[in-house]
Every structure is written in structure tokens, then in C-alpha cells.
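For the sequence shown, this note's numbering gives the first residue as 245, with consecutive numbering after it. Where is the CB? At the ideal position from N, CA and C, for every residue including glycine. Note sheet for the following structure.
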Amino acid sequence: MSLYTKEEERAIRVQRQVDDWTKSGLLQPQQREQMLPSLKVELRRTNLFLRITLFVFTFLIVSAISGLAVVFLESVVELRSLRWFALVDAAVCFAAAEMLVKRYRLYHFGIEEAVVVGAAASFALFMAEFTDSFSTMLGFAGATLGAIAIFVRFNYAYAAVAATLLAPMVIFDFEQSDTFRRLLAFILLFTVFFVARERREDHDPDYPSDIFGLVQAVAWAGMYLVANLRVSPWLSVPDGYDTVYWATYVVIRVLPFAGLFLAIRDRHRALLNVNIVLFVLTMLSNKPYLGAESKPWDPILFGVMMIAIAIGLRRWLSSGPGGARAGYVAERILASESDRLALAGNATVFAPGAPPAQALEAPPTFGGGESGGGGATGKF
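Shown next, in the form of C-alpha cells:
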């Protein structure tokens, strides 16, 4: 059972929408002031940057305290017994996070998040060390269970996403063929997608449908990642079977179009964004799949094609009745969308650029001669 009520979660989400609508000009400031009193909740919150800062510092403090305890106990207990210390540490951290929420009414404040994430990390370590030898499969299983527990108790969306991504990693530790592991992971992610989709349709559009919709989009992206052998060779080395290879070639072309159809029909923004990215990845992996030689002008042609698609889609939407088709418009309505685009543009600063040009080596210099003589007394 969650520590936060559905009424609190929904009120917070509506507050964000009201602020976004006001910033976008859809609501007047007077209307916002009239709506906010009915959406007030007795929870302590903070902005994103302070939340991240508090999370980082608190996690470092929790890790340091746990590490000091391990160093102290290492001299009095056997190293093998420290796995039980990890279990106790996980229980203490989880209880401390609950106490912070109940006593101080923190909501996504960073401090309680760092403590409960530390609890999940300790539980994953306990599971990995449960046997005599370190087991990554049990470690991933423990991390998945910890993420599920965090989501159920604290309603953190990233915990649900983490559980969705960590669950297939348990399968990839099986001592089976790559084809079997990928197929089993694909089936698992499809099951998560189907369950999340059903849960999303059964709830109100604000909460908890937004979290289940995010899980649905992540599971769909995971299915594509498992199926695309050219994008995920680091995940597990493909077996090299021609039938499986060309079957995945077909699957990665079907998934983006099927996902776009579902996203448009269900009005699912996160799934729509994911499948646009998957469509781009499919186009980029076409030549590697076919074993064709890449040409220097390939990025130019790809960019021209994407621009043509964007312009054509924009014109098609704008030509509809009232500048819309089936509720979709070509213009950005919410200010938050512009903020996301600006954030994505700022992220390109971290993209690797072209290597710097190598400077030519300076020619050797020779010391000048004295009194003529062609440098006979100079230094070389």
C-alpha cells in the first residue's frame, strides 16, 4: 500500500497541469488562483535541481555510513556474514525512508528517495551474495524486487521503469543460447507491456495511468532493443543463425509502425515519442543489417528524408478542419513541450564532436653561427 493517497497524487498532478496551462496561456492567472486552494496538499516538495542535489548528497552519506559499518564489522565477523549485514542495512534504510515520509511528509524531496534507493541497493547486494559465489542473476533479481517494492510503497515512476529494465537482465544470465534468452526476454517485456496497457485503460487519465503509460512505453522500447541485433550486440552475442537474423530484421520494422498505430489510437504521448525514436533507429540500422557499405552522404540523405516527412506531416495536420486531425495539431500548445525541446537541445552539448585537427610538427630550429662560417660554432 502506498504512503501517499490517490487524492494527494492526483491533486499534485493537477497542480502541475494548471501551472503548465497558465504558462501556456490557456488559463488566466486569476483562474489559476481560484483553482489552487482546492488542490492544496500537506506535503513538502522542492524543485527538480534541489531534489537532485539532496538525493546525491544523501546517497553519499548513506553509502559512507554503510561502508564505515562494514569496515568496523569486518574485523569482528567473517566476510561471508556481511551479506546479512546488507539485509539488515536494507531493512533499516527502508524503515528510515518510511519514517521520513510519515513524520516530515516529504514528497519526492530527494532525501527519502536516496535512503530508499540505498535500501534497494543493499538488498540487491544481499541477493547477489546469498550463495557462496557472487551471482549477478540473483543480484538483478534482488534489484528488480527492490524496485517493485519502492514503486508499490512510494509511487516513484522511475522505480517502475527500473523494474521493467532490470527484469530482463535476470533472463540474460541464464546459461542458454542467445536466441532463447532474447525470445524469453521479449515475451516477458511483452507481458509487462500488455499488463501495463490494461492497467492504464482501467484508471483515470492522470493517476496512476501516467505511470503505467510510462512503463508501457519502456517495455515496448525494451522489446525493440532485444529484437534489434545490430543495436544490442553488447547485451548478448547473437548466435548467428540466418533464420533468426532475418526474423529480427522483420520484427524491428513491424514494431515501430504497430507502436505508432497503438499510440495514435490510444492518445499515448510517451508511446508515440518512443516509437518515433524506434523508427529512426530502424532506418539507421538498415544498412548494417544488410551488410551494405556506408557512404559519406548517408547522413545528408537521412536528414533530408526526415525534414521532408516532418514538413509533409505538418502540412497534412494543418490542412484538416480547424487545423487538426482526430485531435492532433501541428502547433505546440503547452509550454512544457518547448521546455523539453530546449532541454534536449542543451543535451547536444555533451555529444562527441569531431576530433581536433592535428597540428603540424614544427620544423627543427638550428642555432645561428658566429662570425659567419655557416654556423660552425653554433649549437644544433
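Give the DSSP-derived three-state secondary structure of residue i in the structure shown.
i, result
"Leu280", "helix"
"Ala574", "coil"
"Arg289", "coil"
"Ala598", "The predicted position of Ala598 is uncertain, since its pLDDT is 42 and thus under 50; a value taken from the coordinates is nonetheless stated next. DSSP places Ala598 in coil when its eight states are reduced to three."
"Arg569", "strand"
"Leu458", "helix"
"Leu304", "helix"
"Leu382", "helix"
"Leu473", "coil"
"Gln272", "coil"
"Glu298", "It is Leu, not Glu, that sits at residue 298 in the sequence shown. Residue state, collapsed to three classes: helix."
"Gln261", "helix"
"Ala603", "Low confidence applies to Ala603: its pLDDT is 44, below 50, so where it sits in the model is not reliable, and the reading given next is rough at best. Coil."
"Ser453", "helix"
Taking 8 Å as the threshold (C-beta atoms), are residue j and residue i in contact?
i, j, result
"Leu350", "Phe384", "no"
"Ala358", "Phe303", "yes"
"Leu247", "Phe398", "yes"
"Ala463", "Ala440", "yes"
"Gly306", "Met279", "Residue identity check: residue 306 is Val in the sequence provided, not Gly. Not in contact: Val306 and Met279 (Cβ atoms no closer than 8 Å)."
"Met467", "Leu499", "yes"
"Val518", "Ala554", "no"
"Leu534", "Gly503", "no"
"Leu389", "Pro412", "no"
In its own chain, which residues sit with a C-beta less than 8 Å from the C-beta of residue i, not counting the 5 before and 5 after it?
i, result
"Leu369", "Arg327, Ala330, Gly383, Gly386"
"Gly567", "Leu561, Val573, Ala574, Glu575"
Starting from residue i and walking both ways along the alpha helix (DSSP H), at which residues does that stretch end?
i, result
"Lys539", "Looking at the DSSP string, Lys539 is not in any alpha helix (DSSP H), and its letter there is neither H nor E."
"Val414", "401-415"
"Arg349", "Where Arg349 is concerned, there is no enclosing alpha helix (DSSP H), given that its DSSP letter is neither H nor E."
"Trp490", "486-510"
"Val481", "Run containing Val481: none; DSSP gives neither H nor E here."
"Met527", "513-528"
"Leu247", "Unbroken run through Leu247: none, as it is neither H nor E."
"Glu445", "422-446"
Leaving out the 5 sequence neighbours to the left and right, which residues in its chain are closer than 7 Å to residue i when beta-carbon positions are compared?
i, result
"Ala401", "Ile455, Leu458"
"Asp422", "Ser480, Val481, Pro482, Asp483"
I want to see whether chain D comes within less than 8 Å of residue i, judged by CB atoms only; does it?
i, result
"Ala552", "Looking for chain D here will not work: only one protein chain is present."
Suppose the cutoff is 6 Å on Cβ atoms and the five residues either side in sequence are ignored; what does the same chain contact list for residue i look like?
i, result
"Cys337", "Val359, Gly362, Ala363"
"Arg426", "Val470"
"Thr375", "none"
Mind reading off the beta-carbon distance from residue i to residue j? Whole number of angstroms is fine, and I expect it under 8 Å.
i, j, result
"Ile415", "Gly354", "In fact, because the Cβ distance is near 33 Å, the residues do not count as touching under 8 Å."
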